[in-house]
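Visitor:
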Amino acid sequence: MNQASIHKYLATESKKTIANDVEALFEQRLATNLTLIKDLFFSLYTEKDHKNSFVKLLRTLPILFGQRPSPLKVLDVQRINEGNWYQSEQLVGMQLYVDHFNKDLKGLEEKLGYFEKLGVNFVHLMPITPRPQGENDGGYAVNSYYEVDPRFGSTEDLLDLTQKMRDKNMYLMLDFVANHTSNEYVWAKKAMAGDPKYQNYYHIYPDRTLPDEFEKTLPEIFPMTSPGNFTFNTEMKKWVMTVFNQYQWDLNYSNPEVFIEMLGNLIKLANLGVDVVRLDALAFMWKKLGTVSQNLPEAHALISLFRMCLQVIAPGVIFLAEAIVAPKEIIKYFGSGTMKGNECEIAYNATLMALLWDAIATKKAVLLYKNIHSLPEKPKETTWINYIRCHDDIGLGFEDHHIHEIGWNAKSHRKFLLDYYCQKIDWSPAKGHMFMYNPKTGDGRITGSAASLLGLEKALEQEDQSKIEQAIAKIIMMHGIILSYGGVPLIYAGDEIGTLNDYSYLKVHNKKEDSRWVNRPHQDWDTIAQIDAQKNHHSQIFYSLQHLIRLRKQHPAFSDRNNIILYEAHNPHYLIYERPMGKNNGVLVVCNFDEVPQAIYENTLGSYGSKANPTDLISGEKITFRDGTLRLMPYQMLWLGKTK
Ligand code: GLC
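Numbering (full-length UniProt numbering), first residue to last: 1 to 644.
#1: One question on the structure: do residue 429 and residue 460 come within less than 9 angstroms of each other, judged by their Cβ atoms?
#2: Under 5 angstroms, CB to any heavy atom of the ligand GLC. Which residues pass, going along the chain?
#3: Let me check understanding here. Comparing Cα to Cα, which of 108, 641, 258 and 605 lies closest to residue 631?
#4: So, are the CB atoms of residue 87 and residue 124 less than 9 angstroms apart?
#5: Only counting runs of 4 or more residues, tell me where the alpha helix (DSSP H) segments fall wholly within the stretch 393 to 468, in order along the chain.
#6: Look at the Cβ atom of residue 267, then the Cβ atom of residue 314, and state whether they are nearer than 9 angstroms.
#7: For residue 420, count neighbouring C-beta atoms within 10 Å of its own C-beta (all shown protein chains included) and say buried if the count is 16 or more, exposed if not.
#8: Nearest by alpha-carbon distance to residue 152: which of 100, 580 and 354 is it?
#9: With a 10 Å radius around its C-beta and 16 neighbouring C-beta atoms as the bar for buried, classify residue 234 as buried or exposed.
#10: Use the C-beta contact count for residue 239: other C-beta atoms within 10 angstroms, 16 or more gives buried, fewer gives exposed.
#11: Helix or strand or just coil, what does DSSP make of residue 544?
#12: Residue 487: buried (16+ other C-beta within 10 angstroms of its C-beta) or exposed?
#13: Rounded to the nearest angstrom, what separates residue 303 and residue 521 at their Cα positions?
#14: Taking the beta strand (DSSP E) that residue 29 belongs to, which residues open and close that run?
#15: Can you name, in chain order, every residue of its own chain whose Cβ lies under 7 angstroms from the Cβ of residue 334, other than the five neighbours on each side?
#16: Among residues of its own chain, excluding the 5 on either side of residue 214, which ones have a beta-carbon nearer than 8 angstroms to its beta-carbon?
#17: Taking the alpha carbon of residue 624 as the point to measure from, which residue in 635, 600, 644 and 634 has its own alpha carbon closest?
#18: Please state whether DSSP places residue 648 in a helix, a strand or coil.
#19: With distance defined between alpha-carbon atoms, name the residue in 176, 398 and 422 nearest to residue 411.
#20: So, at 7 angstroms on beta carbons, what are the nonlocal neighbours of residue 503 in its own chain, with the 5 sequence-adjacent residues on each side left out?
#21: On the CB-based measure, 16 or more other CB atoms within 10 Å of its CB, does residue 248 come out buried or exposed?
#22: What first and last residue would you give for the beta strand (DSSP E) that runs through residue 96?
#23: Does residue 343 come out as helix, strand or coil in the three-state DSSP assignment?
#24: By DSSP's criteria, residue 233 is part of a beta bridge. Which residues make up the other side?
#25: Can you tell which of 104, 212, 33 and 91 has the C-alpha that lies nearest to the C-alpha of residue 168?
#26: By the 10 Å Cβ neighbour count, where 16 or more other Cβ atoms means buried, how is residue 349 classified, buried or exposed?
#27: I'd like the span of the beta strand (DSSP E) that includes residue 250, first residue to last.
#28: Spell out whether any CB of chain C is found under 9 angstroms from the CB atom of residue 338.
#29: Within the chosen definition, does the stretch 310 to 324 reach the stretch 150 to 164 through at least 3 CB pairs nearer than 8 angstroms?
#30: Inspect the beta-carbon positions of residue 497 and residue 524 and report whether they are closer than 9 angstroms.
#31: Classify residue 28: buried if its beta carbon has 16 or more other beta carbons within 10 angstroms, exposed otherwise.
#32: Does the Cβ of residue 362 have 16 or more other Cβ atoms within 10 Å, making it buried, or fewer, making it exposed?
#33: Express the C-alpha separation of residue 542 and residue 582 in angstroms, rounding to a whole number.
#34: Measuring CB to CB, does residue 305 end up less than 9 angstroms from residue 40?
#35: Three or more C-beta pairs under 8 angstroms: does that hold for the stretch 430 to 438 against the stretch 502 to 516?
This is the structure in structure tokens:
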């Protein structure tokens, strides 16, 4: 039972007395979380030296609660009573850049109907906060945590949008770039002007002694464009820790003042009407000499501390962990040990994402199966964001030992994947690009749009109808998996109409070095306007996804109650998993990753074999078995339901 479940229990128990008394419920949550807040705080900041900071935090919590708008306080209480709303099969998400989607926030508001048409009701807007002119990492270098950059509109426009979205039961996710600020952020400016208080908000060193020590163990995130982890600042004549880009200064959370101020920033962001806060780059939030400074236990304690405070102030708001790290590390962001279920409610399922791309390239789901199978079950109050593409690159973050265990050589396997996706193999249908290749290690990552990586761009160039059909089948199957796997599916805007790579970034000075821009296209409204009138690959993909989304929402088996069972397929090209629900309401998802038809024995399907007389929910057709086998066409996916 995590803290949220306790709040739900207490709020229900006290229904008669304080059910509608938001203030009393705040006090109750504070009392319930206080010991945890204290323990987490003093695990990071010694009690001897930081008692005053803790008292300051205690004074701050009611002040921050006082700032929360009343309608949101009411919504918070509703959400507590509803319990884990984010696990519902009704949620389907889309991620987008506001300016690339439809100019600005007002433009976005005009397109709410488009989301409804597709079935999307959860939207992740890429950063809309002010950022430096010129390079700004797509807005991930922030000049403010809660203001709206004028290029997207005003705060009123955002409030208007969040209100309209709430009226339509839509959810909003925004970023909280908690690990770093831009070098133009007010604290950075004060630090540069020589203020020691603000120099202590960052990791700043007078000479190379400590930076050199750190560099011995810190990996490089952007080795091509921003090598090393420190930048010399000419104004201060000091070295600043900049793990990402040189203009992104890492915050020093070993200073409790930074935590308390950032909590204030977080609440101001939440108060705009945000439902899910995406904690950007959270694995990096704590630094320690002699370590890689990722996924440290202190980082987990810090995130839990944020969560326990947020839950007291704004319990309707939840966290998404953007931890694109090794599979066994990702799962820890749900909270482990005594904090199980008390860290982030949602995490990106980067493991599934990366291994789906592995399965496409190898035409086999074996590595995917092996990895997922070996992961411990996540806490029951949590869920995944399932996705195939986003604004970032695809990293091959899975572990070598699994590759070895299936008899492949890890080094050559990784090289094969990079070659397959980055146009180094003639027969490969993929048109992707290499991102941040590090010749020192041979590591690289992959960029490109889903459609281009899945072969649509090349097939269209070659005007090869059968390859076009195959690429479309892959696009639909990949989306079908994220729509049926437990969690919130997040479609990357443009993928719903098969948008190809966008090469225009190569002509833009401050973008051309960062190939992630190839997969950050503008939404093609001309094509979308034709979608009903024309039958082409765009409309085929759009209507297939719309159909799958509708089906997802009709089947409660797709809600996430940790109800997923992976089946051993006995055919390496197949991925099979069940979403059980009662005796007869489960769904069995069956996918063929091969480019030729493949068969499996019906007994592989467990209780979904011929005795169950199963129907494919997608086509609505009864399944026919031949000689005790089931045969799937290339990249075909079935969602099998039992005939009741
Ligand atoms: C996250 C973002 C990525 C950004 C990085 C630094 O990983 O997704 O786009 O570059 O954080 O903020």
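Backbone N, C-alpha and C define an ideal beta-carbon position, used for all residues, glycine too.
Guide: For this structure:
#1: Annotated as distal: residue 429 and residue 460, with beta-carbon spacing of 9 angstroms or more.
#2: Sorted by chain position, residues whose beta-carbon lies closer than 5 angstroms to a non-hydrogen atom of the ligand GLC are 137, 140, 244, 280, 281 and 392.
#3: Its Cα nearest to that of residue 631, the residue 605 stands out among 108, 641, 258 and 605.
#4: Taking 9 angstroms as the cut-off, the Cβ atoms of residue 87 and residue 124 do not count as close.
#5: 400 to 405, 410 to 421, 450 to 453 and 456 to 461, all fully within the stretch 393 to 468.
#6: With contacts defined by Cβ atoms closer than 9 angstroms, residue 267 and residue 314 form a contacting pair.
#7: When all chains shown are included, residue 420 counts as buried.
#8: Residue 100 is the option with its Cα nearest to residue 152.
#9: Classification of residue 234: exposed, given that the 10 Å Cβ count is below 16.
#10: Under this definition residue 239 is a buried residue.
#11: In the structure shown, residue 544 falls within a helical segment according to DSSP collapsed to helix, strand and coil.
#12: So residue 487 ends up on the buried side.
#13: Going from the Cα of residue 303 to the Cα of residue 521 covers about 33 angstroms.
#14: Counted as a single uninterrupted DSSP element, the stretch harbouring residue 29 is not any beta strand (DSSP E) but the alpha helix (DSSP H) occupying residues 22 to 44.
#15: Taken in chain order, the residues that qualify are 341, 343, 344, 347, 378, 379 and 382.
#16: The answer, listed in chain order, is 229, 230, 241, 287, 289 and 293.
#17: Nearest option by C-alpha distance: 600.
#18: There is simply no residue 648 to check, as the chain begins at 1 and stops at 644 in what is shown.
#19: Of the candidates 176, 398 and 422, the residue whose Cα lies closest to the Cα of residue 411 is 398.
#20: Within the same chain, residue 503 has close Cβ partners 518.
#21: So residue 248 counts as buried.
#22: In this chain, the beta strand (DSSP E) harbouring residue 96 covers 93 to 96.
#23: In the structure shown, residue 343 sits in coil (DSSP, three-state: anything other than H, G, I, E or B).
#24: DSSP output for residue 233 lists 238 as bridge partner(s).
#25: Among 104, 212, 33 and 91, the Cα nearest to that of residue 168 belongs to 91.
#26: With 16 or more Cβ atoms within 10 Å of its Cβ, residue 349 is classed as buried.
#27: That run of the beta strand (DSSP E) goes 248 to 250.
#28: Within the model displayed, chain C is absent; a lone protein chain is all it includes.
#29: In the pairwise beta carbon analysis, the stretch 310 to 324 is classified as not touching the stretch 150 to 164: fewer than three pairs are separated by under 8 angstroms.
#30: Contact flag set, yes.
#31: With 16 or more Cβ atoms within 10 Å of its Cβ, residue 28 is classed as buried.
#32: By the neighbour-count criterion, in which a residue is buried when 16 or more other Cβ atoms sit within 10 angstroms of its Cβ, residue 362 is buried.
#33: Counting only the Cα atoms, residue 542 lies some 32 angstroms from residue 582.
#34: Result yes, Cβ atoms of residue 305 and residue 40 sit closer than 9 angstroms.
#35: Taking a cut-off of 8 angstroms for Cβ pairs, the stretch 430 to 438 and the stretch 502 to 516 touch, as three or more such pairs fall below it.
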